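*Asks:* Residue numbers (this note's numbering): 122 to 187.
Ideal Cβ placement from N, Cα and C applies to all residues, glycine included.
Since the model is a prediction, treat every value here as computed from it, not as a measurement.
1. If you follow the alpha helix (DSSP H) that residue 142 is in, where does it begin and where does it stop?
2. Where does residue 183 fall in DSSP's three states?
3. With distances taken Cα to Cα, identify the nearest neighbour of residue 194 among 136, 168, 141 and 165.
4. Once you ignore the five residues that flank residue 143 on each side, which residues in its own chain have a CB closer than 8 Å to its CB?
As structure tokens, then:
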């Protein structure tokens, strides 16, 4: 699915400069940023879910140790 990304002038200029520095397209940089964001959030969600499960699992023991 195609989409349009609207950036303000400052962001557009910064992205353009970064693309030139890296020798990559602005499109490639934006795709990498989206991929990084999604991966980071997936890891954080997994950690949160694991923490919830482990907290429930060890709740009784932690209460006894208080």
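*Replies:* On the basis of the data shown:
1. First-last of the alpha helix (DSSP H) with residue 142: 130 to 143.
2. Reduced to three states, the DSSP call for residue 183 is helix.
3. Look at the range of the chain in this structure, 122 to 187, and you will see that residue 194 is not part of it.
4. 150
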